[in-house]
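There are 6 protein chains.
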Amino acid sequence: MSAGNTALVISAHSADFVWRCGGAIALHQQMGYAVTVVCLSYGERGESAKLWKQEGMTLERVKDARRAEAEAAARALDVHDIQFFDCGDYPLDLDRAQKDRLVDVIRTVQPSFMLSHSQYDPYNTDHMYATKLALETRMIAQAWGHNPGQQVLGAPQLYLFEPHQTEQMGWKPNTFLDITPVWDKKRAAIECMEGQEHLWEFYTRVAQQRANHFKRNSGGQSGGRDCKYAEGFQSIFPRTVDEL
Amino acid sequence: MSAGNTALVISAHSADFVWRCGGAIALHQQMGYAVTVVCLSYGERGESAKLWKQEGMTLERVKDARRAEAEAAARALDVHDIQFFDCGDYPLDLDRAQKDRLVDVIRTVQPSFMLSHSQYDPYNTDHMYATKLALETRMIAQAWGHNPGQQVLGAPQLYLFEPHQTEQMGWKPNTFLDITPVWDKKRAAIECMEGQEHLWEFYTRVAQQRANHFKRNSGGQSGGRDCKYAEGFQSIFPRTVDEL
Amino acid sequence: MSAGNTALVISAHSADFVWRCGGAIALHQQMGYAVTVVCLSYGERGESAKLWKQEGMTLERVKDARRAEAEAAARALDVHDIQFFDCGDYPLDLDRAQKDRLVDVIRTVQPSFMLSHSQYDPYNTDHMYATKLALETRMIAQAWGHNPGQQVLGAPQLYLFEPHQTEQMGWKPNTFLDITPVWDKKRAAIECMEGQEHLWEFYTRVAQQRANHFKRNSGGQSGGRDCKYAEGFQSIFPRTVDEL
Amino acid sequence: MSAGNTALVISAHSADFVWRCGGAIALHQQMGYAVTVVCLSYGERGESAKLWKQEGMTLERVKDARRAEAEAAARALDVHDIQFFDCGDYPLDLDRAQKDRLVDVIRTVQPSFMLSHSQYDPYNTDHMYATKLALETRMIAQAWGHNPGQQVLGAPQLYLFEPHQTEQMGWKPNTFLDITPVWDKKRAAIECMEGQEHLWEFYTRVAQQRANHFKRNSGGQSGGRDCKYAEGFQSIFPRTVDEL
Amino acid sequence: MSAGNTALVISAHSADFVWRCGGAIALHQQMGYAVTVVCLSYGERGESAKLWKQEGMTLERVKDARRAEAEAAARALDVHDIQFFDCGDYPLDLDRAQKDRLVDVIRTVQPSFMLSHSQYDPYNTDHMYATKLALETRMIAQAWGHNPGQQVLGAPQLYLFEPHQTEQMGWKPNTFLDITPVWDKKRAAIECMEGQEHLWEFYTRVAQQRANHFKRNSGGQSGGRDCKYAEGFQSIFPRTVDEL
Amino acid sequence: MSAGNTALVISAHSADFVWRCGGAIALHQQMGYAVTVVCLSYGERGESAKLWKQEGMTLERVKDARRAEAEAAARALDVHDIQFFDCGDYPLDLDRAQKDRLVDVIRTVQPSFMLSHSQYDPYNTDHMYATKLALETRMIAQAWGHNPGQQVLGAPQLYLFEPHQTEQMGWKPNTFLDITPVWDKKRAAIECMEGQEHLWEFYTRVAQQRANHFKRNSGGQSGGRDCKYAEGFQSIFPRTVDEL
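Residue numbers (the UniProt record's numbering), protein chains in the order written: chain G, 1 to 244; chain S, 1 to 244; chain H, 1 to 244; chain B, 1 to 244; chain D, 1 to 244; chain X, 1 to 244.
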């Protein structure tokens with residue numbers, strides 16, 4: 001059990017945290033973590049095709065719809081706190097003040113670990129920008145001279161969650177998390193994404209495939225642990241342990 | 001505590017297990033693991049320069065001296081079992097029967113994790129051969145049709161221990177193990193290697209540098225755990241976890 | 001249409017060609033290609049766990065069962081010719097005569113393209129051995145001085161089909177093939193693999209996920225071609241074209 | 001034949017499109033494509049040494065000369081449309097409005113494929129900046145919420161054309177295009193670059209070497225197609241095909 | 001001997017040049033080089049934890065202390081010229097004017113070689129930013145149209161000096177420099193860094209380990225040259241030589 | 001000047017040393033080096049297409065012709081010693097005795113540096129086998145216990161010479177050697193290869209392109225040294241130096 005622990009998700013667009021680490025969020029909330037999600041944008045321009053195909057759509061209406069969906073999904077996952085930075089998407093670009101706001105969130109949350117996107121994504125430069133930002137703001141949050149007096153950040157792991165086409169992004173998972181106990185919550189959150197119904201089954205299958213990998217890597221046909229749904233993550237920093 | 005667990009070290013030459021994972025061995029023994037070490041060769045031709053510089057040296061005398069050193073080091077580390085395969089070195093090359101013998105050891109030990117060399121080493125092709133062998137024999141040990149009736153192997157992690165010039169070998173540690181509690185044992189084992197005294201201080205410094213990395217990755221100047229000696233490892237397979 | 005063309009699959013174990021490129025086989029057969037499959041082993045020791053769990057099983061009975069399954073699958077896929085080399089598995093290892101036999105097959109088939117495994121696979125060294133072999137025998141088949149008088153091989157593409165855990169194998173697909181028209185055949189072939197029923201749904205989902213990638217890469221939400229089932233391949237050699 | 005198709009070249013400096021993909025341009029024009037070239041800068045500061053060595057040279061006169069050369073080369077290649085963005089070079093840096101202008105061009109052209117520089121170039125950071133820009137603006141052009149009402153972009157391939165020192169740039173061609181039929185046009189375009197006469201023979205030899213690679217990869221000494229001049233390209237995205 | 005030669009160090013924070021290439025500086029000064037060091041920032045926010053833990057510390061006082069330390073270290077190393085750009089740290093970010101100032105320094109110094117950080121550093125994005133900057137400004141300094149009339153830069157090597165955790169940064173040294181003759185100067189410079197006393201022994205051990213690598217790569221146990229302290233560097237550009 | 005020095009070339013087939021490092025050989029001979037060339041095979045089966053197209057050709061006649069060509073080329077390059085191991089090609093495969101013979105040559109020559117092929121070559125597995133062999137035998141030659149009494153090898157650099165399609169082989173040159181002074185000798189040696197006349201111009205152009213890279217990397221348009229012909233090499237091991 002990890003009561004008192006916290007985690008932070010940095011999501012480029014408002015739906016990313018659902019598909020990519022919804023299970024990790026719900027599972028850690030259930031273990032007593034307080035998980036904060038920061039949505040840097042709503043994905044209002046680039047990830048809302050279905051909405052834009054409606055007559056008379058406006059940017060504000062798209063943002064409202066996306067925010068409502070994300071909030072519903074966050075509730076389904078028991079997210080502790082969700083914050084919308086509304087920095088704009090396609091391209092996503094934060095100025096110094098917005099970066100400082102993110103540093104403030106990191107310092108307030110003091111996450112045990114952080115979650116963000118893959119480091120490379122030729123399809124979606126917003127994703128790699130978010131990860132670059134995660135590394136930069138993590139570094140700033142560690143600086144004793146940044147807003148002296150605030151609590152300085154330790155060295156939380158940064159996990160990269162699963163991108164859409166893993167091999168094209170050079171993403172290699174080194175950690176599989178069993179999310180079977182909270183799958184219903186993740187599926188419920190997924191179904192909040194009404195504008196992207198074509199992805200519901202896609203990400204359900206992702207979880208099933210990763211469950212197969214979980215079983216294989218925990219022992220395969222000789223003692224592998226059964227698992228129905230899993231998520232994969234790539235960690236950036238080395239682990240420090242007392243037992244291999 | 002992990003009483004009942006086991007681990008297996010596959011060492012190309014008889015001294016490698018001391019420099020590269022002596023701390024891990026002693027630490028896990030202390031935790032209740034039974035650690036088996038397989039020395040594929042004595043390093044009698046390629047890693048015994050000091051002995052060969054003596055007048056009238058013979059291959060058998062070198063092997064005897066190397067074996068005595070390794071056994072003394074194993075005792076210093078509380079190794080559960082050490083086996084010498086005597087396959088020859090520079091180059092190391094196992095035939096099918098010797099590979100089957102290694103598979104037998106793997107199945108008998110049923111290790112929770114395995115340890116071997118880096119996957120690339122242009123200075124020492126025996127080292128990469130040993131790792132290739134570790135992967136091949138691990139696979140055979142998992143085959144239900146290999147010696148049916150024997151207990152089949154699960155999916156133990158393979159950790160690659162630290163090579164001599166890490167960057168040239170493309171070795172990247174993702175796990176740092178605090179070996180401070182057993183440092184005295186590792187140093188005693190190191191001092192059993194009389195033929196390679198020039199390396200005693202070198203590997204002591206390696207442990208000190210890795211301790212610095214341990215501290216940095218566990219929190220650095222804001223909560224990093226103090227650590228005086230550490231060892232680094234690169235894992236090959238993904239972890240399967242219930243908490244990030 | 002490509003009547004008269006041929007293709008060659010080099011499969012380490014007798015079931016690999018079904019899961020990994022069954023769609024490509026059936027599709028090209030339907031286009032008029034004659035596809036030859038070489039199974040280097042039956043996977044009798046390493047990939048027949050279900051059979052070995054039966055009372056009184058023997059190596060010959062496992063091989064017979066595996067061969068029967070593979071032949072049934074080949075029929076379901078309309079394979080032109082399937083050959084069993086019976087070289088043994090876990091580990092797979094060919095001697096010079098067996099390599100020469102493979103070169104003979106390559107020269108007889110004169111494939112427009114070849115298919116084999118990923119170049120790296122820490123879980124299954126037989127797979128990477130098969131690919132190494134494919135490159136070596138392709139080279140020999142190109143040698144004018146090897147069995148002079150035989151027709152020398154041109155420069156067929158070598159496609160690497162999808163391994164089990166793509167990211168761990170460093171496999172990156174650069175070609176997606178729409179296999180929707182022959183999906184029923186592939187599924188029928190999959191169901192011939194009675195010993196590995198746990199993989200039927202897994203590889204069905206693989207095909208569905210790759211169909212999503214097919215759609216995305218052919219235009220996505222703006223003109224992407226609908227596709228229900230696809231297979232991914234990584235090509236080794238550059239293409240030579242008259243139009244980009 | 002591909003009448004009605006279009007292509008788009010994004011060239012960091014005004015001469016890059018000539019050396020690196022002049023053959024592809026002329027060839028596709030000849031096949032009925034309409035090829036648009038965007039020169040982000042004139043290369044006025046960094047790639048006009050010969051001009052700057054003249055007495056009394058000014059930035060405007062360099063730009064004029066470079067523009068005249070590029071327009072002449074474009075005519076030699078039958079370029080459909082050439083646009084000069086005049087964003088400045090060494091370093092090249094586009095503001096938001098200039099990026100939006102590029103997105104507009106992409107949407108207007110609706111290219112079947114795009115061409116730009118290698119992803120890494122330690123000698124010339126403008127080159128890698130241009131490629132980064134190509135990916136970013138391609139993504140924006142795909143966003144339904146970017147200038148709603150405009151035609152949204154599909155998923156055109158991005159080909160990276162040949163940099164100066166390929167191995168230093170980590171560029172690996174996977175596609176060779178036979179440009180023999182239009183070589184005279186490419187050579188004529190090359191000779192328009194009066195300020196860089198030292199490169200005429202260099203890039204002629206590049207085309208000859210790539211022709212050798214074309215022949216080798218299309219069959220070598222056993223059926224390889226003869227080819228006198230070729231260009232090489234590295235594609236970023238997977239292909240979607242109906243035949244391997 | 002190389003009298004008349006020059007070198008340029010681009011250091012993200014004011015202490016980096018001491019730990020990472022202090023030996024190279026002192027050694028080349030001793031050989032007659034004039035070495036210029038540019039400190040882009042003081043590391044006042046991110047690398048001055050000890051100072052910030054003091055009561056009533058201010059940014060200016062930290063900068064003053066860091067500058068005094070760096071100047072003392074520069075004297076210990078016989079640095080020819082040290083310049084403080086004071087661009088701010090965590091994050092480090094230069095505007096166009098500051099970049100132009102750096103280009104001016106490069107042109108004035110006309111370095112035989114340059115030194116900067118590793119190309120990747122997930123712990124410290126300032127470090128990789130400095131290297132990116134080194135490449136960009138090197139390119140601008142080579143442009144004939146940048147401030148016409150100034151002396152244009154040739155093609156100096158860029159050496160990347162050793163980062164803190166080499167393997168995590170993907171840094172691979174290809175050059176070891178024997179700094180034994182100037183070790184006392186480097187150690188004296190290190191001891192000027194009063195705020196980071198915990199690193200004194202760490203970087204002393206780094207030099208000792210690199211000396212071991214120097215010996216090994218110059219002949220090992222058969223003719224290797226003895227060396228007590230060394231520094232490692234990774235060069236970016238190919239060498240041009242008259243003898244291998 | 002380096003009178004008394006030696007170098008060793010390990011060439012998979014009897015013509016490789018001519019195309020790939022003929023300039024380096026002639027140049028170092030001219031400087032006083034004694035260069036030994038070992039041809040592991042004649043390339044009799046795989047690289048003698050033109051001969052095999054002649055009526056009634058036999059393996060012995062091909063070998064004789066290839067040997068005569070290689071000897072003539074060696075004379076043209078002033079090679080000190082050329083040895084033919086006749087191990088067979090396509091595939092090249094050495095047994096233990098043949099490897100020991102190579103170790104003997106290495107120890108006798110005591111090379112200042114060694115030259116061999118790229119580490120990866122999907123077109124020609126003999127090439128990468130030769131490099132693997134070079135590393136293995138270099139290691140054995142360093143072993144004090146291998147034939148005790150012989151002079152043990154130091155740590156000579158291993159340079160990888162230029163393969164046919166550099167980018168496909170993952171070969172990256174880090175050293176360019178000016179071979180202009182001996183170009184006539186290299187061209188004469190090239191013209192000894194009567195069976196591969198189609199490659200004469202190809203490798204002449206390679207030398208011209210590398211000369212361009214030599215000039216660029218030695219200063220480019222600002223002080224770059226003129227060079228008409230060059231060869232490129234990739235070194236495996238770090239250099240140990242007293243000046244950067």
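Glycine is no exception: its CB is placed at the ideal position from the N, C-alpha and C atoms. Model, not experiment: these values are computed from the prediction.
With a threshold of 8 Å between beta carbons, is residue i in contact with chain B?
{"i": "Gly46 of chain G", "result": "yes"}
Suppose you measure from the CA of residue i to the CA of residue j; what does that come to, to the nearest Å?
{"i": "Thr125 of chain B", "j": "Met31 of chain D", "result": "33 Å"}
{"i": "Val241 of chain H", "j": "Asp178 of chain B", "result": "7 Å"}
{"i": "Ala49 of chain S", "j": "Lys172 of chain S", "result": "29 Å"}
{"i": "Ile82 of chain X", "j": "Leu160 of chain X", "result": "19 Å"}
{"i": "Lys186 of chain B", "j": "Cys192 of chain B", "result": "10 Å"}
{"i": "Asn212 of chain B", "j": "Glu47 of chain B", "result": "30 Å"}
{"i": "His127 of chain B", "j": "Thr175 of chain D", "result": "28 Å"}
{"i": "Ala97 of chain H", "j": "Cys87 of chain X", "result": "17 Å"}
{"i": "Glu69 of chain G", "j": "Arg61 of chain G", "result": "12 Å"}
{"i": "Leu92 of chain B", "j": "Gly43 of chain B", "result": "9 Å"}
{"i": "Asp226 of chain G", "j": "Asp104 of chain H", "result": "45 Å"}
{"i": "Val109 of chain B", "j": "Leu158 of chain B", "result": "14 Å"}
According to DSSP, residue i sits in a beta bridge with which residue or residues?
{"i": "Tyr159 of chain B", "result": "B:Leu115, B:Ser235"}
{"i": "Ile82 of chain X", "result": "X:Val37"}
{"i": "Ala7 of chain X", "result": "X:Val35, X:Phe113"}
{"i": "Thr240 of chain B", "result": "H:Phe176"}
For residue i, go through chain A and note every residue whose CB falls closer than 8 Å to its CB, in chain order.
{"i": "Met139 of chain B", "result": "Going by chain labels, chain A is absent from the structure shown, which instead holds the protein chains G, S, H, B, D and X."}
Could you tell me whether any Cβ in chain G is nearer than 8 Å to the Cβ of residue i?
{"i": "Thr131 of chain H", "result": "no"}
{"i": "Thr180 of chain H", "result": "no"}
Using a Cβ-Cβ cut-off of 8 Å, state whether residue i counts as contacting chain S.
{"i": "Pro238 of chain X", "result": "yes"}
Would residue i count as contacting chain X if we go by Cβ distances under 8 Å?
{"i": "Gln119 of chain S", "result": "no"}
{"i": "Gly170 of chain H", "result": "no"}
Is the distance from the Cβ of residue i to the Cβ of residue j below 8 Å?
{"i": "Ile106 of chain H", "j": "Leu153 of chain H", "result": "yes"}
{"i": "Pro156 of chain G", "j": "Met114 of chain G", "result": "yes"}
{"i": "Arg45 of chain D", "j": "Ala141 of chain G", "result": "no"}
{"i": "Asp78 of chain G", "j": "Ala15 of chain G", "result": "no"}
{"i": "residue 266 of chain D", "j": "Ala130 of chain D", "result": "Shown here, chain D extends from 1 to 244; a query on residue 266 of chain D therefore has no answer."}
{"i": "Ile236 of chain X", "j": "Pro122 of chain S", "result": "yes"}
Shorter than 8 Å from the beta carbon of residue i to some beta carbon of chain D?
{"i": "Pro173 of chain G", "result": "no"}
Taking Cβ positions only, does residue i come closer than 8 Å to chain H?
{"i": "Gln221 of chain G", "result": "yes"}
{"i": "Leu135 of chain S", "result": "yes"}
{"i": "Trp183 of chain X", "result": "no"}
At a cut-off of 7 Å, would you count residue i as near the ligand ATP, judging by its Cβ distance to the nearest heavy atom?
{"i": "Ala73 of chain G", "result": "Questions concerning the ligand ATP fall outside what the structure shown contains, since it holds no ligand whatsoever."}
### Query
Can you list, in chain order, the stretches of the alpha helix (DSSP H) that have 4 or more residues and sit fully within the stretch 149-199 of chain X?
183-191
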